[in-house]
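Enquirer: If you scroll down you'll find the structure; I have some questions about it.
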Amino acid sequence: MCSIARRDWANNGDEANIFSYADPFRCCSANMHQGWPKFTQRLWMATPEGGLATVVYAPCEVTARVAGGKEVTIVEDTEYPFRDTVRFTVRLAEELKCTNQAVSFPLQLRIPNWCDGASVKVGSEQAKNLRAGSFYTIQRQWKDGDEIILHLPMKIKLSRWYNNSLGVERGPLIYGLKIGERIRNIRRLEPLPEREVFPTTPWNYGLVIHSDDPNDSFTVVEEGMSYQPFDPEAAPVRILARGKRIPDWKLWHNSAAPPPESPVSSNEPEEEITLIPYGCTNLRVAEIPEVK
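Letter 282 of the sequence shown, counting from 1, is numbered 282 in the numbering used here, and no numbers are missing.
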């Protein structure tokens, strides 16, 4: 729950857990809005060889001078991190297009450490099984309109956390249980209210894993991309899983108790549960016990 209540914290007040832009930690009010602009500023970097390197993938457009001081623009079209494909289109300056010139510079694509089997295609040329945790460099003569298609397969992986609980990861994202929400505005602070959020559906589930390959225990469902992809009801991707309630896992000091030691026995019926990206959740259970 996100509510005004006494919790088992050493130095935070009762209001530290609510949604508020004027909470006791005023540094959040000053700093939180800097995240997206700084993220955008660092999507691309220059390389010592006069090329460009893409560091984080997001829909964007970059214009820069590359080797020889020639200006190029790269348009990046993607729904990453919810989708696994990134498309780049090279645009040359007008004076270069008019004379049908090409520009030579290296383009470096970051292959994330989590990604096995990445591939890239430029025209009819394709490179497969790119090394995870590295940059893949394409050195060529670039013409206006050249396209690069990068594929970053996203497999589901399980990680172990506190009390041997499970984390569900797909590509660069961690997933959490989708929980029904009741939002209550408690004070009106223009232009935004302070809010409490309470669960309207059970949250104390454990995961049932039927196979050594976690991908066999889950079904990935992709939805359309909305204007606000981080809304719990508009998550662009969902993972369907099987789970059981754990009745003894309850609230403790007005918060969810630590997850019980896995594996956990449960006599409750098996149900279908839904996981959504952690950033899409307001009530968050992402360390989930394993039930037998």
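Heads up, the beta-carbon is just placed ideally off N, CA and C, and yes, glycines get one too. As the structure is a prediction and not an experimental result, all values here were calculated from the model.
Write down the C-beta distance between residue 241 and residue 283 rounded to the nearest angstrom, noting that I regard them as a contact closer than 8 Å.
Expert: With a Cβ gap of about 17 Å, residue 241 and residue 283 do not count as contacting.
Enquirer: For residue 141, list the residues DSSP reports as bridge partners.
Expert: Paired residues: 104.
Enquirer: Label residue 39 either buried or exposed according to how many other C-beta atoms from any shown protein chain fall within 10 Å of its C-beta, with 16 as the threshold for buried.
Expert: Answer is exposed; the Cβ neighbour count stays below 16.
Enquirer: Do residue 122 and residue 70 have their C-beta atoms closer together than 7 Å?
Expert: Not a contact, by the Cβ cut-off of 7 Å.
Enquirer: Where does the unbroken alpha helix (DSSP H) through residue 41 begin, and where does it stop?
Expert: Residue 41 -> alpha helix (DSSP H) spans 35 to 41.
Enquirer: Is it the case that the segment 29 to 45 contacts the segment 213 to 221, given that we only count it when at least three CB pairs across the two stretches are under 8 Å?
Expert: Output reads no: the segment 29 to 45 does not touch the segment 213 to 221.
Enquirer: Straight-line CA distance for residue 207 to residue 60?
Expert: Roughly 37 Å between the two C-alpha positions.
Enquirer: Looking at the structure shown, is residue 205 part of a helix, part of a strand, or coil, going by DSSP?
Expert: Strand.
Enquirer: Let me confirm a value: residue 281 is counted as buried when at least 16 other C-beta atoms fall within 10 Å, else exposed. Which label applies?
Expert: It counts as buried.
Enquirer: Kindly list the residues whose CB is nearer than 8 Å to the CB of residue 132, restricted to its own chain and excluding five residues on each side of it in sequence; keep chain order.
Expert: Contacts found: 111, 112, 113, 114, 115, 116, 118.
Enquirer: Could I get the ranges of all uninterrupted alpha helix (DSSP H) runs contained in the segment 178 to 258, with 4 residues as the minimum, in chain order?
Expert: With a minimum length of 4 residues, no continuous alpha helix (DSSP H) run stays inside the segment 178 to 258.
Enquirer: So, helix, strand or coil for residue 51, using DSSP?
Expert: Three-state result, residue 51: coil.
Enquirer: Taking the beta strand (DSSP E) that residue 127 belongs to, which residues open and close that run?
Expert: Looking at the DSSP string, the run of the beta strand (DSSP E) that includes residue 127 is 125 to 130.
Enquirer: Taking the C-alpha atoms as reference points, what is the distance between residue 262 and residue 164?
Expert: Near 5 Å, if we compare the C-alpha coordinates of residue 164 and residue 262.
Enquirer: Compare the C-alpha of residue 288 against each of 159, 199, 134 and name the closest.
Expert: Closest by alpha carbon: 159.
Enquirer: Are there 16 or more other CB atoms within 10 angstroms of the CB of residue 82, so buried, or fewer, so exposed?
Expert: Residue 82 should be labelled buried.
Enquirer: In angstroms with no decimal places, state the Cα-to-Cα distance between residue 74 and residue 107.
Expert: If I take the Cα positions, the gap works out to 10 Å.
Enquirer: Given this structure, state the Cα-to-Cα distance separating residue 253 from residue 225, to the nearest angstrom.
Expert: For residue 253 and residue 225, the distance between alpha carbons rounds to 38 Å.
Enquirer: I need the boundaries of the beta strand (DSSP E) containing residue 98, first residue and last residue.
Expert: That residue, residue 98, is in no beta strand (DSSP E); its alpha helix (DSSP H) goes 94 to 98.
Enquirer: Using the beta-carbon count (16 or more within 10 Å), is residue 375 buried or exposed?
Expert: The first residue shown for the chain is 1 and the last is 292, placing residue 375 beyond what the model contains.
Enquirer: Thinking residue 87 and residue 99 are a contact (beta carbons under 8 Å), I'd like their distance in whole angstroms, please.
Expert: Not quite, the Cβ-Cβ distance comes to about 26 Å (not below 8 Å), so this is no contact.
Enquirer: Going straight from the alpha carbon of residue 42 to that of residue 265, what length do you get?
Expert: Rounded to the nearest angstrom, the two C-alpha atoms are 47 Å apart.
Enquirer: If we count the other Cβ atoms within 10 Å of its Cβ and call it buried at 16 or more, is residue 295 buried or exposed?
Expert: A question about residue 295 goes unanswered here, because the residues of the chain that appear run from 1 up to 292.
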